[in-house]
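Protein chains in written order, with the numbering used here: chain Z, 1 to 140; chain X, 141 to 280. C-beta atoms are modelled at their ideal positions from N, C-alpha and C, and glycine is treated no differently.
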DNA sequence: CTCTTGTTGACTATTTTGGTCAACAATTAA
DNA sequence: TTAATTGTTGACCAAAATAGTCAACAAGAG
């Protein structure tokens, strides 16, 4: 039940972007340094975020990446789903056909409740929430 | 964020035991067959459950395993914690010393909320609940 | 046109997971 | 007491997932 580094790194990278409010471009190199992420690995994490329309990018001098939407519109469930592939703790929730017992499996119902609990939390938190927590952490 | 087969198989095995109410001994071979678990693998899953006092075992002819406590006293969080090693989606929750930022990391707080959501569900469900769901599934 | 920065795909290394095998211990029945 | 049965343990192995690297390329800016 561990989160992959993709999800962890990706979340931290987006938080970093959200902290640069005005849609300012931030070079991947800077994100990599500030969040301790290997640059070539970060490049692979950013790519799906760009394709999903969460992040936009510009190349060349002064280039970098930034959020497309304001932080309060980026919900974490969307992010984790994208980076992790799924929020389900077992495959049979997304692909019932892979298990012959899906239709009448009691444990499957259990894992479904776990998934809903996870989604519930991640649906309710946005990048803006993380930004505010960070500010509270930094200043008082 | 996938559950290991250890946790999935283990839960199914315990449910199987809970369905044999009276503390009746069930051979591992039977559990393995009914739940589609490789027998030698199941043996390794049962072992920690025996050591944790959740299951007792008897060898020899007519031997097998059974629950130590009645199903309503076996909480799933205990089981999953045992088989999975942890309910935390990231290691830094259990071992803050492994990450230099633990003390002031915003994402860590987020993952902690996820863990609490998972625990909340698993704390509230016992083997007896699963048994009842199974009965409801079987009979009407 | 060259420097910088992002993009892509192939590749590799490491770790985790899932599973097997064999030797052994305990229990029961013949 | 011996043989069959069933659980126990530890070593071992294979496959898959994960994490990470490298190199070639594309596109902007000076």
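Which residue from the options puts its Cα closest to that of residue i?
{"i": "residue 207 of chain X", "options": "X/158, X/170, X/199", "result": "X/158"}
{"i": "residue 181 of chain X", "options": "X/249, X/253, X/163, X/153", "result": "X/153"}
{"i": "residue 105 of chain Z", "options": "X/255, X/254, X/175", "result": "X/175"}
{"i": "residue 221 of chain X", "options": "X/239, X/202, X/185", "result": "X/185"}
{"i": "residue 56 of chain Z", "options": "Z/37, Z/84, Z/26", "result": "Z/26"}
{"i": "residue 23 of chain Z", "options": "Z/8, Z/101, Z/63", "result": "Z/63"}
{"i": "residue 283 of chain X", "options": "X/146, X/253, X/144, X/161", "result": "The structure shown does not extend to residue 283 of chain X, since chain X is modelled only from 141 through 280, so no value can be given for it."}
{"i": "residue 15 of chain Z", "options": "Z/134, Z/140, Z/39", "result": "Z/134"}
{"i": "residue 29 of chain Z", "options": "Z/54, Z/60, Z/52", "result": "Z/60"}
{"i": "residue 151 of chain X", "options": "X/205, X/198, X/223, X/210", "result": "X/223"}
{"i": "residue 194 of chain X", "options": "X/183, X/179, X/211, X/178", "result": "X/211"}
{"i": "residue 148 of chain X", "options": "Z/108, Z/136, Z/115", "result": "Z/108"}
{"i": "residue 2 of chain Z", "options": "X/178, X/229, X/258", "result": "X/229"}
{"i": "residue 144 of chain X", "options": "X/270, X/225, X/278", "result": "X/225"}
{"i": "residue 113 of chain Z", "options": "X/258, X/172, X/177", "result": "X/258"}
Which of helix, strand or coil does DSSP assign to residue i?
{"i": "residue 154 of chain X", "result": "helix"}
{"i": "residue 199 of chain X", "result": "coil"}
{"i": "residue 226 of chain X", "result": "coil"}
{"i": "residue 103 of chain Z", "result": "helix"}
{"i": "residue 75 of chain Z", "result": "strand"}
{"i": "residue 282 of chain X", "result": "Residue 282 of chain X lies beyond the range of chain X shown here (141 to 280); nothing can be said about it."}
{"i": "residue 143 of chain X", "result": "coil"}
{"i": "residue 278 of chain X", "result": "helix"}
{"i": "residue 118 of chain Z", "result": "helix"}
{"i": "residue 231 of chain X", "result": "helix"}
{"i": "residue 37 of chain Z", "result": "coil"}
{"i": "residue 184 of chain X", "result": "helix"}
{"i": "residue 237 of chain X", "result": "helix"}
{"i": "residue 110 of chain X", "result": "Here chain X covers residues 141 to 280 and nothing more, so residue 110 of chain X does not appear."}
Name the one or two DSSP bridge partners that residue i has.
{"i": "residue 66 of chain Z", "result": "Z/56"}
{"i": "residue 26 of chain Z", "result": "Z/65"}
{"i": "residue 126 of chain Z", "result": "Z/75"}
Three Cβ pairs or more, each shorter than 8 Å: is that satisfied between the stretch 262 to 273 of chain X and the stretch 207 to 216 of chain X? yes
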